[in-house]
Amino acid sequence: MNSNVLKETWWLADTEFPDLLWARIQVYEDGTAEMLSATGYRYKYKSEEEANSELFQDDYLPFHSLDEEDEEELGIPLSSIQIPSGESDDEIIQKMYVKRSLL
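If you read the sequence shown in our numbering, its first letter stands for residue 864, the second for the next number, and so on.
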């Protein structure tokens, strides 16, 4: 069984821009990590590094590392993007894919 969550990071699939496809990694006290996908699947990893590596391989970028170039590709200010939130993971999953139309 997982221990308490120590860290949470959010990732965006850069191949989906301008749409927003999120993934979340939670790191636990015991060093293990779990990734939650927009489809609701949960993937368990031995470490945060292993989870990060998997998302990098799948063309995801950590949201906190996005820059002006990514902002230009998205076509909206990064400050206007809301990380999915909710009372439960089921509610969060419903917000992990945001279809954006190009104007």
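Here a beta-carbon is modelled for each residue, glycine too, at the ideal position from N, C-alpha and C.
Keep in mind that this is a model prediction, so the values were computed, not measured.
Could you check what DSSP says for residue i in three-state terms: helix, strand or coil?
{"i": "S928", "result": "helix"}
{"i": "T878", "result": "helix"}
{"i": "G949", "result": "coil"}
{"i": "S943", "result": "helix"}
Please classify residue i as buried or exposed, where buried requires at least 16 neighbouring CB atoms within 10 angstroms.
{"i": "L875", "result": "buried"}
{"i": "I956", "result": "buried"}
Mind checking whether residue i and residue j have CB atoms under 7 Å apart?
{"i": "S900", "j": "A886", "result": "yes"}
{"i": "K962", "j": "P947", "result": "no"}
{"i": "L941", "j": "E934", "result": "yes"}
{"i": "T823", "j": "P925", "result": "The first residue shown for the chain is 864 and the last is 966, placing residue 823 beyond what the model contains."}
In terms of alpha-carbon separation, which member of the options lies closest to residue i?
{"i": "M898", "options": "E950, P881, L883, F919", "result": "F919"}
Handout entry: beta strand (DSSP E) segments (min. 3 residues) lying fully within the region 869-916
Key = 883-891, 896-900, 905-908
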